[in-house]
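Data block below; observations after.
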Amino acid sequence: MLDPYILRSPSLLSTPPDETSTLSINNLVFMDDFTLISLSKAGLEHMLSITEEFYALNNTSANHHKYALISNSLPLTTTSDISLVEFNLSLSFLNNISSISVTPISITSSFQFLGVWFNIKGSRDFVKKQIANECNSFAATLCPAKLTAKQVIYLYNTVLIPKLEYRMQVTHLSDKDCYIATRLVRSLVKQKANFSRALPNPILYLSQALGLVNLSSHLIQCHVNNLFLMANSTTSFIQRLFVYRLMLIQFQFLILVSPLMVADWSLWSNMNTFKCDYIACTLASMVSTPFRLQHANTTSLCPDLTLPGHTPLYSCMSPKTFKACLKTAYIALLADKRGRSLPHKWYLDIQATTTIPDSHDRLYDRYMCSPTEGPVVSLVPGVTTNQKNRYWLVTLDDNAASFFGKQLTVQPKKDTCIIVHWTSDCLSSPDDVIRLRPCPGCDAHVPFPAANKYTTVEPRCTFTVSLLRSLILSTHNERIRLNTTEVTSPYSWADLRTKVVSYYARLSIPPDFSSFLLVVNDDTASPPPLCGSSSLSSPVVLPPGSQYRYYTDGSLINLGSPEVLMGWSWIQIIHDAGYLNSVATYAHGTIRNWPSSTRAETAAIYAALSVTPEDSVVSLYTDSQAAIDVKGHDGNYWNDFADSLANSAHQSADAFLLPEALISSSHNVRLIYDDVICESNPMRLFKVYYQATYMRDLLSLKRFQFTFCLTDRDDYIVDWDLTWFTLNYSLSHDASFQAHHASRHYTFKFKLFLDDLPLLEKLKITRSDLYIDLLTCRSCCLRKEDLMHLILCSKRRTAMHQIFQSYQNHLFSKLREAGGLVDVDPTPMIRKLSSLSCWPISSSNWSSYAFIRSCLPKLFIDLFVALSIPRQSAMKVVAAIHNNFIQKLRRRIWNLRTYDKSRWEDAMHITLKLKTTPWPSNLPATSYVPFSSLPPLTHLVTSRDSRIDWIKNSML
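Residue numbering for the sequence shown is 156 to 1111, as defined by the working numbering.
Put into structure tokens, the structure is as follows:
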């Protein structure tokens, strides 16, 4: 195609680009429209001429007025100032249209391509307004509708979120922008659920609670998943395009390493170039998470982008100076009019950042690099010497220490020689050059009477060494004279150590005959991938065309605990070959990370296939649900044998640990979580991570600080699975408990859990214009009313005790019923339950406080499980009992309290209209008093206040 649009991979190095580093893009054609892409106007005219000829051949035509032109070479002006662009076409017998005029789209305007909105300038304002309008329209439409909070959340998650995701496929919005755009949606959900506006956001986003999708985190999931798929595309063009984009980021931001390795993008985050770069923004969005993208393999399509031997400028300069330097492609020394070089401010900044003050430009340790390795020292083997040429030798003694000497005589037939022993202190100073001195005599001395025949200097210490383990040492003194007291080598022991040790030890390595074991009937079989592992058994290799039969199994124990373990095993079956029970060989081992029974089963199959020669016929028998050939644990000897091997792998000393690199995905770019390779869908992993962060944020709130007081794991430890199950449990409807009762019950239950009930201490904060600070509990008039006082109020103490006793008796009866089903005495369980610390109610008992807040203990479920009741069934029993408790609490405690408070409000003329009227915005808080008289002063008021950290104070 004429004049295609070419993407040339930029580089920070001066090496010329090769042909493979360029990408040519011509055009994209679809069923009902087409997109033409070219580098120049002439290229577009050529393609437009071809399209007109195509229309003539098919007896069709196009509406030229609907043509749109998008160009990055247009000036930054509005659409009203842009004139038509005329394209002159080539006339032919199929084309009689000489020219086409097209109105270009302004570079500042957004346009839609395949349903996705783009902006050449990189502005996000248009998409941001679209998202805000969609959310506001959604909230305005559903606000008057008679829908529950769950229904609104369902519509938001399944209808609006996919729509917003589609509009933001190439657009990144900050967390703040997403938060502002969805403000009305959050308010609508709180209103429909009858929650206060101060409801913490984590409870909205937790899937165990309301389950509202967080727009910001959802978009990060989508963008990372798209980038992951792009990096590992099966299309070579997309892979090359991904590498081109990484190289472009390197060039634009002066990054010497792969952009996937950048841990902090704050230097570039405020730059317009960065904001317009989709990949850079996606990589930066991952910095706040433990996830990273990592190059796995270096191939022609996925090269190593790190430039070795270079120090990134951004690590040596202040952020302000570095950003200023990014405006120019290269940094050069400046000179004055006389040609003298001037220190530029970037040089002074690097000097101030990297050097120690007043140290004559001495670098900080973090900028000091270890000495680069010099050329590999080439030493000649000592076995090449003869009687005529005697050399200095280096070898090792029996203690693997360095041993030096000068040859006296050589015994070629024995491959030995006698040397004059010289000593050195190279072990204490390995980086200094080797200095040799005559040995005065040591335990290594072997007398050599004929020494005077070979040297004029009588040696004091001689020794016999093997030429097969010695190397010739270069020195500055080849001959020993009467006045020679020191001999120097140009090398240090650090230069020679690796070479000498490896040469000396090479004869101690036992031979590897594993390759000969693959020969069967004079036919060779290709070695399988894991055959090089000495600790892993190999199968009995069969003649070509034979069928390999394996039984595989996996095991998973201690799931849900830090001691979780996964094992795998395979056994090879060869019938009628003389093996015991036809078991030719077997292997077992373990795997790590991402525990699941399916992964263990898959690892067993992979291990069996990995040791099998290529191009072999294999039959696998497994009780895995993925490929059932054998019914698990049905008495099949080989399946039971494989099962026992998989289970014993956890404690076996010879169990083989499958390398993670082998069993992980074969992608060129991998998703990493804290240095662990992720093998699952990135979307699912990110969703699980964000749910964990919402739970962490929820427990970090001040209202949940009481959970840190529950330190006795043997007494009261919160079971969050049971807690969430109980909070979402729905009671069955009947004549006395209808749908509207269920809605009120659900709201009261969550408000109690979140400490969000409209108690006086809360109202003093939210509506201080109506409820002054002197107000106390309207039932007892003795204490300030917070949640703890609601439980301990003297007017409600008897009712609270009765409700607790009813809860306890209900659990006792269910334990007796469970014990009767399995014929087990439940008395020990009942005794253990009755001794639980949550039953006594006091201001210092945080177990009872957690219990009332619906943070239920793990012991509730453990007692039923100990009586052989399935965990899910036990959770339903406890959830039903606790919801009954919540219902009694609302009727007998909360409703009576609300009645006492409403009587006082009626007396003080605090009407419903006044309570629902917003605080007047034109009056200061100190001057606005409602048209009700102030209440009388109360006495015996404690200092405890919800604005005082009384939970923390009680912990001191």
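Where is the CB? At the ideal position from N, CA and C, for every residue including glycine.
Isoleucine 260 places its beta carbon less than 7 Å from that of alanine 223. By the neighbour-count definition (other C-beta atoms within 10 Å, threshold 16), phenylalanine 863 is an exposed residue.
Leucine 622 and leucine 563 have their alpha carbons spaced roughly 13 Å apart. Under the DSSP definition of a beta bridge, threonine 550 partners with Phe558. Nearest Cα to lysine 857 within the set Asp910, Glu834, His822, Thr878: Asp910.
For alanine 507, the enclosing alpha helix (DSSP H) covers residues 500–509. DSSP, reduced to helix, strand and coil, places glutamate 641 outside both helices and strands of the structure shown, so it counts as coil.
It is roughly 9 Å from the alpha-carbon of valine 344 to the alpha-carbon of alanine 294. For valine 257, the three-state secondary structure derived from DSSP is strand.
Looking at the DSSP output, histidine 378 shares a beta bridge with no other residue. The C-alpha of valine 719 lies about 48 Å from the C-alpha of lysine 301. Cα atoms of methionine 721 and valine 772: separation of roughly 28 Å, rounded to the nearest angstrom.
Collapsing the DSSP output to three states places methionine 323 in coil. Counting other Cβ atoms within 10 Å of its Cβ, threonine 390 stays below 16 and is therefore classed as exposed. Going by DSSP, serine 473 is part of no alpha helix (DSSP H) at all; its letter is neither H nor E. For aspartate 708, there is no enclosing alpha helix (DSSP H); the enclosing beta strand (DSSP E) has its first and last residue at 702–712. For tyrosine 849, the secondary structure class from DSSP, reduced to helix, strand or coil, is helix. The way I'd put it, the region 646–661 does touch the region 572–590; three or more beta-carbon pairs between them come closer than 8 Å. Closest option to phenylalanine 908, judged by alpha-carbon separation, among Leu882, Cys932, Cys436, Tyr776: Leu882. Residues of the same chain with a CB within less than 6 Å of the CB of aspartate 870, apart from the 5 flanking positions on each side, are Ser992 in chain order. Taking a 10 Å sphere around the C-beta of lysine 939, we find 16 or more other C-beta atoms and assign the residue as buried.
With contacts defined by Cβ atoms closer than 7 Å, tyrosine 706 and asparagine 794 form a contacting pair.
Contact between the region 243–251 and the region 202–218 is established, with three or more Cβ pairs separated by less than 8 Å. Burial state of glutamate 972 is exposed, judged by a 10 Å Cβ sphere holding fewer than 16 other Cβ atoms. In this structure, threonine 640 and arginine 592 form a Cβ contact; the two beta carbons are roughly 7 Å apart against a cut-off of 8 Å. Under the three-state reduction of DSSP output, tryptophan 577 falls in the strand class. Assignment of beta-bridge partners to leucine 812 by DSSP yields Thr745. Note that the C-beta distance between tyrosine 546 and threonine 540 is below 7 Å. Bounds of the beta strand (DSSP E) holding serine 265 are 265–268.
DSSP places isoleucine 760 in the uninterrupted alpha helix (DSSP H) bounded by 752–765. In the three-state reduction of the DSSP assignment, tyrosine 901 falls in the helix class.
With respect to the C-alpha of alanine 759, the residue from Leu735, Trp749, Lys276, Asp798 having the closest C-alpha is Asp798.
An exposed status is given to threonine 953, since fewer than 16 other beta-carbon atoms sit within 10 Å of its beta-carbon.
For glutamine 806, the closest C-alpha among the options Ser710, Leu315, Lys1070 is that of Ser710. The DSSP-derived three-state label of leucine 976 is helix. When C-beta atoms of the region 840–847 are compared with those of the region 401–412, fewer than three pairs fall below 8 Å, so the two segments do not count as touching.
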